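S.K.: My numbering numbers the first residue of the sequence shown as 3 and each following residue consecutively.
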Amino acid sequence: MAIEDILMYDESLFQNINAFDPDYFPPNYNFRDTQMEAMAMAIRPAMRGGQPSNAVVLGSPATGKTTAIKKVFELVEKNTEKVVCVYINCQLHTTRFGIFSIIHKEIFGHAPPETGVPFSRIYDKIMKYLQSNQKSLVVALDDINYLFQSKNANKLVYDLLRAYEEYPGVKNSIFAILSDLEFKYAFDKNVNTVFIPQEIVFPLYTYSEIEDILRDRVKAGFFPNVMSDDILEQIAMYALENGDLRIGFNLLRSCGNIAEADASREINQEHFEKAVDSLVSVDISVALKSLNDVERTVMKMIVNTEGLCDAKILSDQFKKETGSSYASFNRALDKLEFIRLIDTKYTGKGVRNSREIILRFNPDEYII
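1. Closer than 8 Å by C-beta to tyrosine 169: which residues in its own chain qualify, once you throw out the five before and the five after it? Chain order, please.
2. Do phenylalanine 274 and glutamine 319 have their beta-carbon atoms positioned less than 8 Å apart in this structure?
3. How many angstroms separate the CA atom of isoleucine 269 from the CA atom of isoleucine 233?
4. Let's test the definition: count the other Cβ atoms within 10 Å of the Cβ of asparagine 355 and tell me whether it reaches 16, buried, or not, exposed.
5. Comparing alpha-carbon positions, which option in Pro115, His95 and Asp161 lies nearest glutamine 151?
6. Could you tell me the distance, in whole angstroms, from the CA atom of leucine 343 to the CA atom of alanine 277?
7. Helix or strand or just coil, what does DSSP make of cysteine 265?
8. Restricting to Cα atoms, I'd like to know which of Glu39, Pro54, Gln37 and Met38 is closest to isoleucine 45.
9. Going by the DSSP bridge assignment, what does glutamate 235 pair with across the sheet?
10. Report the rounded CA-to-CA distance for glutamate 272 versus phenylalanine 110, giving the unit in angstroms.
11. For the structure I just gave you, are there three or more beta carbon pairs, one from the stretch 220-232 and one from the stretch 14-32, closer than 8 Å?
12. Can you tell me which of Tyr26, Lys84 and Ile124 puts its alpha carbon nearest to the alpha carbon of asparagine 135?
13. Near lysine 337, what residues of its chain come up, given a Cβ to Cβ distance below 6 Å and the 5 sequence neighbours on each side ignored?
14. Taking only the alpha-carbon atoms, compute the straight-line gap between alanine 241 and phenylalanine 340 and give it to the nearest angstrom.
15. What are the start and end residues of the beta strand (DSSP E) that includes glycine 61?
16. Can you confirm whether the stretch 207-214 touches the stretch 19-29 when touching is taken to mean that 3 or more C-beta pairs between the two stretches lie within less than 8 Å?
17. Rounded to the nearest angstrom, what separates lysine 302 and aspartate 35 at their Cα positions?
18. So, under 8 Å CB-CB, isoleucine 198 and valine 141 are touching, yes? Tell me the CB distance rounded to an integer number of Å.
19. Less than 7 Å between C-beta atoms, sequence neighbours within five positions excluded: which residues of the same chain meet that for arginine 219?
20. If you draw a straight line from the C-alpha of threonine 65 to the C-alpha of glutamate 262, how long is it?
21. What ranges does the alpha helix (DSSP H) occupy inside the stretch 16-83, keeping only unbroken runs of at least 4 residues that lie completely in it?
22. Go ahead and pull the three-state DSSP assignment for lysine 94.
23. By DSSP's criteria, methionine 229 is part of a beta bridge. Which residues make up the other side?
24. Sort Ala40, Met38, Tyr89 and Ile286 by Cα distance to leucine 143 and report the nearest one.
25. Suppose the cutoff is 8 Å on Cβ atoms and the five residues either side in sequence are ignored; what does the same chain contact list for phenylalanine 363 look like?
26. Do valine 59 and alanine 178 have their CB atoms nearer than 8 Å?
27. Between which two residues does the beta strand (DSSP E) holding isoleucine 369 run?
28. Could you tell me which uninterrupted beta strand (DSSP E) segments, each at least 3 residues in length, are contained entirely in the stretch 120-208, listed from first to last along the chain?
29. Determine, using beta-carbon pairs with one atom in the stretch 118-128 and one in the stretch 96-104, whether at least three such pairs fall under 8 Å.
30. Candidates Lys107, Glu108, Arg98 and Ala329: which alpha carbon is nearest proline 120's?
31. Within 10 angstroms of its Cβ, does arginine 123 collect 16 or more other Cβ (buried), or is it exposed?
32. Just list the residues that DSSP pairs threonine 346 with in beta bridges.
33. Could you check the C-alpha separation between phenylalanine 204 and isoleucine 215 for me, to the nearest Å?
34. Between asparagine 332 and threonine 346, what straight-line distance do the alpha-carbon atoms span, to the nearest angstrom?
35. The alpha helix (DSSP H) that contains phenylalanine 331, what's its start and end?
Okay, structure coming up:
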């Protein structure tokens, strides 16, 4: 088929191509009821004029943390005016001014001026509003580890959680969202005295859960009979083996695009295989970007050994250089193996970490 034919072809397999976007907001959100109930219970006191609880929302990338937070916030705002819920992506907003500008916009409907107004005035305006209107503020800080990189985390959390000292009656709480289980120990002591969170854990999706989620996306995104169960099952297994549900969404879209370019009314095995081939290098890049700070440190140590090393020796080196625990190392190693950046092979019995680590990709081709 000529390029002109592809561009001008007026039929489509997609009824809603946006259904395959990672930020698509599905009408049905399954398999996270327990976690969403825990979030709701943390916010519930604020709906009655009480103090909302702080929470740490933990889980690997693509386990539904962000969607669950947004769903709960949406329900809270529908059912009460006593709580202001604000979601913030800390990869995009890392400064105190930037984050409080988002809070200002949520409350007052517009962002404050970027110049000419000191931070203290914006902070005072927000807190006085909450105080005078007897409203609680719940702030979700997604990927909060980025605030540590910019060295703004401690001050920001302190500003939010100790506001009641200067503004009596103000009741703020924080939902810290991330995949690094060690992050909370990085707070200063004066922050730890007020940030005492409950932990809400998002486990990895099982195969059957991944298949059901992808099936819902197929129904929302494609017209009927475009994708067979066999192709869907292969995509679900590929997403499971690569440890990232978003890869499944990308494969669904890629399969549809390739089938359309082939002027086909359905997605076949050849389209699936071409889609996988096109995503191989993307998969590694996505996996590397999904790593938290501890996992990235372990990954760099493995690369420095030229891709073949002993886990016991590496774990001792990791503990010596970082001060973190052997458990942290083992969690990171398991994650790297799960998302297929490495393979491990046991070399003995009864010896701690007696595993050989084998790198699965060429590190010279990627930024770690």
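Here a beta-carbon is modelled for each residue, glycine too, at the ideal position from N, C-alpha and C. Bear in mind the structure is a predicted one, so any value in this text is a computation, not a measurement.
M.R.: This is what the structure gives:
1. These residues qualify, in order along the chain: Met129, Lys130, Leu132 and Gln133.
2. Result no, Cβ atoms of glutamine 319 and phenylalanine 274 do not sit closer than 8 Å.
3. A direct Cα-Cα distance of roughly 8 Å separates isoleucine 269 from isoleucine 233.
4. Here the model assigns asparagine 355 a pLDDT of 46, short of 50, so the residue's position is not dependable, and the following value carries that caveat. Counting Cβ neighbours within 10 Å, asparagine 355 comes out buried, since at least 16 surround it.
5. Checked all of Pro115, His95 and Asp161; the closest Cα to glutamine 151 is His95.
6. Between leucine 343 and alanine 277, the C-alpha separation is close to 20 Å.
7. Checking the sequence, you will find alanine at residue 265 rather than cysteine. In this structure, alanine 265 counts as coil in the three-state DSSP scheme.
8. Nearest C-alpha to isoleucine 45: Pro54.
9. DSSP output for glutamate 235 lists no bridge partner at all.
10. Whole-angstrom Cα-Cα distance: 53 Å.
11. These segments touch.
12. Of the candidates Tyr26, Lys84 and Ile124, the one whose C-alpha sits nearest the C-alpha of asparagine 135 is Lys84.
13. Counting only Cβ-Cβ distances below 6 Å, and skipping sequence neighbours, we find Glu297.
14. Alanine 241 and phenylalanine 340 have their C-alpha atoms roughly 11 Å apart.
15. Per DSSP, glycine 61 belongs to the beta strand (DSSP E) from 57-61.
16. When C-beta atoms of the stretch 19-29 are compared with those of the stretch 207-214, fewer than three pairs fall below 8 Å, so the two segments do not count as touching.
17. Cα-Cα distance, rounded: 37 Å.
18. Contact flag wrong, Cβ pair sits at about 16 Å.
19. Excluding sequence neighbours, arginine 219 sits near Ala21, Phe22, Phe251 and Leu254.
20. Distance from the CA of threonine 65 to the CA of glutamate 262, rounded to the nearest whole angstrom, comes to 30 Å.
21. If we require 4 residues or more, the alpha helix (DSSP H) runs fully inside the stretch 16-83 come out as 35-49 and 67-81.
22. Checking the displayed sequence, the identity of residue 94 turns out to be leucine instead of lysine. Here leucine 94 sits in coil by DSSP.
23. According to DSSP, methionine 229 bridges with Ile269.
24. For the set Ala40, Met38, Tyr89 and Ile286, the Cα lying nearest the Cα of leucine 143 is the one of Tyr89.
25. These residues qualify, in order along the chain: Ile286 and Leu343.
26. Yes, these two residues count as a Cβ contact at 8 Å.
27. It is not in any beta strand (DSSP E) - isoleucine 369 carries neither H nor E in the DSSP assignment.
28. DSSP runs (the beta strand (DSSP E)) wholly in the stretch 120-208: 138-144, 173-180 and 200-204.
29. Short answer: they touch.
30. Considering only alpha carbons, the answer is Arg98.
31. Within a 10 Å sphere around the beta-carbon of arginine 123 sit fewer than 16 other beta-carbons, which makes this residue exposed.
32. Threonine 346 pairs with Ile359.
33. Using only the alpha carbons, I get a separation of about 16 Å.
34. If you take the alpha carbons of asparagine 332 and threonine 346, they lie about 12 Å apart.
35. 328-340 is the extent of the alpha helix (DSSP H) around phenylalanine 331.
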